[in-house]
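Taken in sequence, the protein lines are chains A and B.
Just so we're aligned: 195 in numbering that gives the first Met the number 0 is position 196 of the first sequence, and the numbers increase by one with no gaps anywhere.
Just so we're aligned: 155 in numbering that gives the first Met the number 0 is position 156 of the second sequence, and the numbers increase by one with no gaps anywhere.
Ideal Cβ placement from N, Cα and C applies to all residues, glycine included.
This report concerns only the one structure given below.
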Amino acid sequence: MPTGNGQLHRNQSYNRVVISGAGIVTSMGLGWENSTDGFRAGTQAFRDITLFDTSRQRVHQAGQVMLPDHLPSTRLKKRQLARIDRASQLLIHVTAEALKQSSWSADDLGEDIAISLGSSAGAMFCGEKFTQSAIEQPNHRVGQASRIHLYQTQHQARTLEDAFGIQGLVNIISNACASGANAIGHAFRLLKYGLHQKAIAGGYDALSQLVFAGFDSLQALTTTLPPRPFDANRDGLALGEGAAVLVLETLDSARQRNADILAEICGYGTATDIHHLAQPHPEGDAALSSMKSACHEAQLNPQDIQYINSHGTGTPKNDIAEGRAIQRWAGAHCNQVCVSSTKASIGHLLGGAGAVETVISLMALQGQWLPPTTTIHTPDPVCTFDLVRESRDARLDAVLSNSFGFGGANATLILKKFA
Amino acid sequence: MSSLSTKQQILISGVGAVSPAGWSADELVTATLANKILPHQELTREGCEHSCKIRRVPKPQQKQSFARHPRLRRASAISRYVAAAGLEALGDTRATAVTEEKLRLGIIVVFATGCVTYTRRFFEEMLDDPSLASPILFPETVFNAPASHLSAILGSTGTSYTLLADSAGFLSGLQLARDWLLTDQCDGCLVIGAEETDWLISEAVHLFSREAILAEGAGALYLEKSESPASSTSPKAQLCQLTPPLLYTNRQDKKSAAAKMRDLLEINPSQEKQTLLVDGLQGVRASDQIEAGTWQDWQGRRLSPRRLVGDALGASVAWQCVNAVTLLDNSYHDCCSAIVSGIGLNQQSQAAIFSSHY
Chain A
0 MPTGNGQLHR
10 NQSYNRVVIS
20 GAGIVTSMGL
30 GWENSTDGFR
40 AGTQAFRDIT
50 LFDTSRQRVH
60 QAGQVMLPDH
70 LPSTRLKKRQ
80 LARIDRASQL
90 LIHVTAEALK
100 QSSWSADDLG
110 EDIAISLGSS
120 AGAMFCGEKF
130 TQSAIEQPNH
140 RVGQASRIHL
150 YQTQHQARTL
160 EDAFGIQGLV
170 NIISNACASG
180 ANAIGHAFRL
190 LKYGLHQKAI
200 AGGYDALSQL
210 VFAGFDSLQA
220 LTTTLPPRPF
230 DANRDGLALG
240 EGAAVLVLET
250 LDSARQRNAD
260 ILAEICGYGT
270 ATDIHHLAQP
280 HPEGDAALSS
290 MKSACHEAQL
300 NPQDIQYINS
310 HGTGTPKNDI
320 AEGRAIQRWA
330 GAHCNQVCVS
340 STKASIGHLL
350 GGAGAVETVI
360 SLMALQGQWL
370 PPTTTIHTPD
380 PVCTFDLVRE
390 SRDARLDAVL
400 SNSFGFGGAN
410 ATLILKKFA
Chain B
0 MSSLSTKQQI
10 LISGVGAVSP
20 AGWSADELVT
30 ATLANKILPH
40 QELTREGCEH
50 SCKIRRVPKP
60 QQKQSFARHP
70 RLRRASAISR
80 YVAAAGLEAL
90 GDTRATAVTE
100 EKLRLGIIVV
110 FATGCVTYTR
120 RFFEEMLDDP
130 SLASPILFPE
140 TVFNAPASHL
150 SAILGSTGTS
160 YTLLADSAGF
170 LSGLQLARDW
180 LLTDQCDGCL
190 VIGAEETDWL
200 ISEAVHLFSR
210 EAILAEGAGA
220 LYLEKSESPA
230 SSTSPKAQLC
240 QLTPPLLYTN
250 RQDKKSAAAK
260 MRDLLEINPS
270 QEKQTLLVDG
280 LQGVRASDQI
290 EAGTWQDWQG
300 RRLSPRRLVG
310 DALGASVAWQ
320 CVNAVTLLDN
330 SYHDCCSAIV
340 SGIGLNQQSQ
350 AAIFSSHY
């Protein structure tokens, strides 16, 4: 029963929302199949940055994606393909994978589909080129109009629509490092409340020199790669890039077309941490609120959730605040909750992090294994939970993914096995 | 959460604005009604042969208590605009209720370019020497910094989204607010569109039209639903209709999207005389072509605030809405409804109808 155009239908009960497709690209690899073994083993995938000059900075490596030379086949025109930006390429790769997995037909794509994307920097690379040219050659205008056009975040959404012939509502959420989780959570709510029946939701960010220099200026980047989230001697995060997209639909929609259902999204929580623009409350108040809110919506208790894919940046303040939030959230059950941070493997993907980590959580739920953080030598005392340091199998019914960002943007998503 | 209900009306119970006309919605509306083009400045920079025309926000005439908040000490202009417009739309009583956790507030901020001044400054420092670029500037470059500052000023820990879109994105923000309210995700919702000027973005606009005048500021609406205990007893207008956003794609160009937008509006010709159209005309031929064509046969009253105050990208449609709601509230020429036309630059067309009947 497509409602279309966001109009509310009277007397409609809440929909269950399921995942029928997923796509992922990170420095670990392109696609679910190429990434699973690495995340399951806790492999690190950092390499020298070749996208921009880092010679005058403290750090020279990141989770840079090795993109193939060619994009998947799409409806993009030659003109669009000729000037496609890196962020759009990331998005197209993961959307192609997610759509293929979902088996949506051309008719499905022609329906009113909500597109919900999260990004913190969009195509900042194009913005940098524009700005650098404007500063260094103020009277040279050739190519500038194109650069400013490509820089705008709505351009990536437009590219996605044109590439796959999708027509629908577009929301681009920029809530810093929670953007990807917010985008998925937003789409989840649109479907849950019957405002749409289908959605494509995810997050992306490509490496950018400005953002890299920004985190370096804050001395937030580790100078001793790999990053060591939840290690007592952690010294910062590593940056990465990538994207992930989920194909979401109501359970009715999935059943009507006999779709393979990968999992169900059952809870989404948000909260704003007003402690500081760039630091969390030391007791993790907003993180706790976000986790509780997601559990409330999912109608699950902490003991029903076996694994947390933490935000786990590896910065001293984040990991303590998140650890405290997990302790307070889980209570007496804390030592039974498995926790890890996959940022130790691929870095912090900023606006893409929440979406990528949701897909990693989905992989774990599907495969019944836990992605470890293998870089920890000495666990921080805050880790009174079951810190996953080695690859292991597990029985997972429900998993939770945390994403926190600058500005105090906190978001939590809960997935559960479909039953 | 309560069950969905279509009986609920979405009411606009507060407006706020910061613009080249001043630091209030009243000053914006007064400037619109005066129908007098505000003076502009020429923006020049060393080494650049071209100058750009801009309209800046004037200095406030009186001290603003919110400006003393520690969060705003080193924030860029756009954060002050967001805070001022948002607080004006919310009003003191509701702001206190938010602080005391008696009102669950949603905050939606919409930008096209956002915190461009600090981003450009940080980038210049980075080009000079990345190892010396300022850690004070960088966090303020993040798109959601202004929304975060407003949350901190209010003590609001509720949901806050920063949306990126072209100028029509403000109406998508209203759509999101409506959905949050009707699904009981908040008791009231602020939607704020804002931008700040900088030579960087002025020169970018200048690439597309040398006549365009970039402006800065913010516009805000406070929305609530009619059957809520927290609702105002004296709303200003009702949000009656929002068209879906009509996207510009390879299959639907801007002109056809704008035409479809108009077709979807539930206004018949006999109602036009009692309806105010607040359009997006700028007085710049190249930019106005589609907007002018879409409404060429409009019979009713019509105002074009962008022509007077300038184009403030993400704030422009917000200013149109502030004008529409305020004028309906003041029984402007006995109009009982107002259309806001949002024909965005490069993403979407969307329109809204507000009504004085609720």
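Within 8 Å, strictly: CB atoms of residue i and residue j
| i | j | result |
| --- | --- | --- |
| Ala-236 of chain B | Ser-340 of chain B | no |
| Ser-339 of chain A | Thr-312 of chain A | no |
| Ile-134 of chain A | Leu-238 of chain B | no |
| Asp-36 of chain A | Phe-229 of chain A | no |
| Gln-8 of chain B | Ser-225 of chain B | yes |
| Ala-88 of chain B | Phe-65 of chain B | no |
| Cys-146 of chain A | Lys-128 of chain A | In the sequence on display, residue 146 of chain A carries Arg and not Cys. It is a contact, given that the beta carbons lie within the stated cut-off. |
| Phe-403 of chain A | Asn-317 of chain A | yes |
| Tyr-192 of chain A | Thr-182 of chain B | yes |
| Leu-358 of chain B | Ser-155 of chain B | Given a span of 0 to 357 for chain B in the structure shown, any question on residue 358 of chain B remains unanswerable. |
| Ser-34 of chain A | Asp-259 of chain A | no |
| Leu-327 of chain B | Ala-337 of chain B | yes |
| Ala-97 of chain A | Leu-245 of chain A | yes |
| Asn-170 of chain A | Ser-115 of chain A | yes |
| Gly-172 of chain B | Ile-107 of chain B | yes |
In DSSP terms, what residue i is bridged to
| i | result |
| --- | --- |
| Val-398 of chain A | A:Tyr-306 and A:Leu-414 |
| Ile-342 of chain B | B:Ser-348 |
| Ala-113 of chain A | A:Ala-198 |
| Ala-323 of chain B | None, per the DSSP bridge assignment. |
| Phe-353 of chain B | B:Leu-238 and B:Ala-337 |
| Asn-170 of chain A | A:Ser-115 |
| Thr-269 of chain A | A:Ala-410 |
| Pro-378 of chain A | A:Asp-230 |
| Glu-194 of chain B | B:Gly-216 |
| Lys-128 of chain A | In DSSP, Lys-128 of chain A forms no bridge with anything. |
| Lys-224 of chain B | B:Ile-9 |
Residues that residue i contacts on chain A, provided the C-beta gap is smaller than 9 Å
| i | result |
| --- | --- |
| Asp-128 of chain B | Arg-55 |
| Arg-120 of chain B | Per Cβ cutoff of 9 Å: no residues; Arg-120 of chain B is ~11 Å from chain A at best. |
| Asp-252 of chain B | In chain order: nothing, as chain A lies at least about 12 Å away. |
| Thr-182 of chain B | Leu-7, Arg-188, Lys-191, Tyr-192 and Leu-194 |
Any non-hydrogen atom of the ligand PLP closer than 7 Å to residue i Cβ
| i | result |
| --- | --- |
| Val-398 of chain A | The ligand PLP is not part of the structure shown, which contains no ligands of any sort. |
Beta-carbon neighbours of residue i, restricted to chain A and to distances below 8 Å
| i | result |
| --- | --- |
| Phe-207 of chain B | Ala-144 |
| Arg-70 of chain B | Leu-276 |
| Leu-222 of chain B | Ordered by position in chain A, no residue passes the 8 Å Cβ test against Leu-222 of chain B, which lies about 15 Å from the chain. |
| Thr-98 of chain B | Simply none; closest approach about 11 Å. |
Neighbouring residues, chain A, relative to residue i (Cβ below 7 Å)
| i | result |
| --- | --- |
| Glu-123 of chain B | Ile-134 |
| Glu-202 of chain B | Ala-133 |
| Ser-133 of chain B | Ser-216 |
| Leu-199 of chain B | Thr-130 and Ala-133 |
| Asn-329 of chain B | Correct list: empty, because the minimum Cβ distance to chain A is about 30 Å. |
Chain-ordered chain B contacts of residue i [CB-CB under 8 Å]
| i | result |
| --- | --- |
| Ile-171 of chain A | Leu-162, Leu-163 and Ala-164 |
| Glu-127 of chain A | Phe-122 |
| Phe-405 of chain A | Pro-138, Val-141, Asn-143, Ala-144 and Ser-147 |
| Gln-43 of chain A | Ordered by position in chain B, no residue passes the 8 Å Cβ test against Gln-43 of chain A, which lies about 25 Å from the chain. |
For residue j and residue i, believed in contact at Cβ under 8 Å, the rounded distance
| i | j | result |
| --- | --- | --- |
| Gly-62 of chain A | Thr-94 of chain A | Gly-62 of chain A to Thr-94 of chain A, Cβ: 20 Å. No contact. |
| Gln-153 of chain A | Asp-165 of chain B | 6 Å |
| Asn-401 of chain A | His-310 of chain A | 5 Å |
| Ala-352 of chain A | Cys-176 of chain A | 6 Å |
Neighbour list for residue i in chain B, Cβ cutoff strictly below 7 Å
| i | result |
| --- | --- |
| Glu-160 of chain A | Leu-246 and Thr-248 |
| Thr-152 of chain A | Leu-163 |
| Asn-33 of chain A | Those do not exist, as Asn-33 of chain A stays about 31 Å from chain B at its closest Cβ, beyond 7 Å. |
| Asn-174 of chain A | Asn-143, Tyr-160 and Thr-161 |
| Asn-181 of chain A | Tyr-160 |
| Ser-288 of chain A | Thr-156 |
Residues that residue i contacts on chain B, provided the C-beta gap is smaller than 9 Å
| i | result |
| --- | --- |
| Pro-315 of chain A | Those do not exist, as Pro-315 of chain A stays about 16 Å from chain B at its closest Cβ, beyond 9 Å. |
| Asn-138 of chain A | Gly-46, Cys-47, Glu-48 and His-49 |
| Leu-168 of chain A | Ser-171, Gln-174, Pro-243, Pro-244 and Leu-246 |
Below-8 Å beta-carbon distance, residue i vs any chain C residue
| i | result |
| --- | --- |
| Thr-271 of chain A | This model lacks chain C altogether, as its protein chains are A and B. |
Problem - Residues, ordered as in the chain, of the region 147-170 of chain B that lie near chain A by beta-carbon distance below 7 Å - result: Per Cβ criterion, the list reads Ser-147, Ser-150, Ala-151, Gly-154, Ser-155, Thr-156, Gly-157, Thr-158, Ser-159, Tyr-160, Thr-161, Leu-162, Leu-163, Ala-164 and Asp-165.
Handout entry: Interface residues of the region 184-197 of chain A facing chain B [CB-CB below 9 Å]
Key = His-185, Arg-188, Leu-189, Lys-191, Tyr-192, Gly-193 and Leu-194
Practice task
Could you list the residues in the region 76-107 of chain A with a C-beta less than 9 Å from some C-beta on chain B, going in chain order?
Solution key: Lys-76 and Gln-79
Practice task
Could you name the residues of the region 22-52 of chain B whose beta carbon sits closer than 9 Å to any beta carbon of chain A, in the order they occur along the chain?
Solution key: Arg-44, Glu-45, Gly-46, Cys-47, Glu-48 and His-49
Problem - the region 199-210 of chain A: positions lying closer than 8 Å to chain B by Cβ - result: With the criterion set as a beta carbon lying under 8 Å from some beta carbon of chain B, the members of the region 199-210 of chain A are Gln-208 and Leu-209, in sequence order.
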